[in-house]
Amino acid sequence: MPDAALELRPVMPPVRKMDYKVGKKLGHRARIGAVVLASDETMEFEFRTVLNSLDDGVALYHARIENSPEITPETLRAMEGKIAGTARLLLPQSPMDVVAYGCTSASVAIGPERVSELLLEAEPTAKVTNPATAAVEALRAMGVHRLAILTPYQESVNVFFGEFFADQGFEIAAFGSFLEDNDGAVAAIDPASVSEAVIELGRDPNVDGVFVACTSTRLLEMAAETERKLGKPVTSSNHAIIWHSLRLGGIDDIMPQFGKLYTL
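Terminal number for the sequence shown in full-length UniProt numbering: 264, no gaps in between.
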């Protein structure tokens, strides 16, 4: 007896092989991989804000690393064993040109050199960065020596954060914090509030420039305006790591709409 389901199946025409041309792949200028915290709500948005201002050819790929939304020295260091494994999830069939680890305070807690080692375990041919290293490169490029730091962190994190920048040769001239310990709360801080805090700290005559910590903190969209109001260079974790990733990837496009750093 014939199968009723087979009798109802439509007759398929022969499958035609279609011609195609091979074009430029996404990321033909640069492929950037970002290891983003599971709790981060800001980094990808600010990355894409900049990349959308470029011509085609720079592609962003990301993988999320498991983390606690509570920001303490212990939870930050707990990510060390997960960095390489997460980075291996970045487009495994195609090497990255640049890989960026997206946590400023964990980069300081674990150590930027160790973070680089872990990223290179996963992507041995890539150039690598993290927000702490990128911030140092950005501040030096802009000629900042006497630094104001704005963080969202509690004091237990602020202490080793200030020590890191002092060890890099910066004079810490001013330090401010929103004193939050939850990543979601940090992401909800209005960029205008961040800008106002930057200007308040930066007005100190002993300050050459201001750095805003944490990839959850939003500033990129207001960085150029904040610089104009303050009259001094400004950068943030995302602002710096995006710039550094682009420059490491050979992307030298000038984008003054994002502030002084993006003209260098």
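We put the beta carbon where it would ideally sit given N, CA and C, even for glycine. For clarity, every value in this text was computed on a predicted model and none was experimentally measured.
- For Val136, the enclosing alpha helix (DSSP H) has its first and last residue at 131-141.
- Asp183 is positioned such that its CB atom lies no closer than 8 angstroms to that of Ile32.
- Where Gly209 is concerned, the enclosing beta strand (DSSP E) starts and stops at 209-212.
- With a minimum length of 3 residues, the unbroken runs of beta strand (DSSP E) contained wholly in the region 73-160 fall at 98-102, 127-129, 146-151.
- Separation of Met222 and Phe258 (C-alpha to C-alpha, rounded to the nearest whole angstrom) is 8 angstroms.
- When the Cα atoms are used, Thr217 and Phe47 turn out to be separated by approximately 13 angstroms.
- Here Thr133 has Pro112 as same chain residues with Cβ atoms under 6 angstroms from its own Cβ, once five neighbours each way along the sequence are excluded.
- For Ala224, the uninterrupted alpha helix (DSSP H) segment begins and ends at 223-230.
- Annotation for Ala34: His62, Ala100, Gly102 place their beta carbon closer than 6 angstroms to its own, counting only its chain and skipping 5 residues before and after.
- If you draw a straight line from the Cα of Ala185 to the Cα of Leu219, it comes to about 15 angstroms.
- About 15 angstroms separates the beta carbon of Glu66 from that of Ile110, a gap too long to meet the 8 angstroms contact definition.
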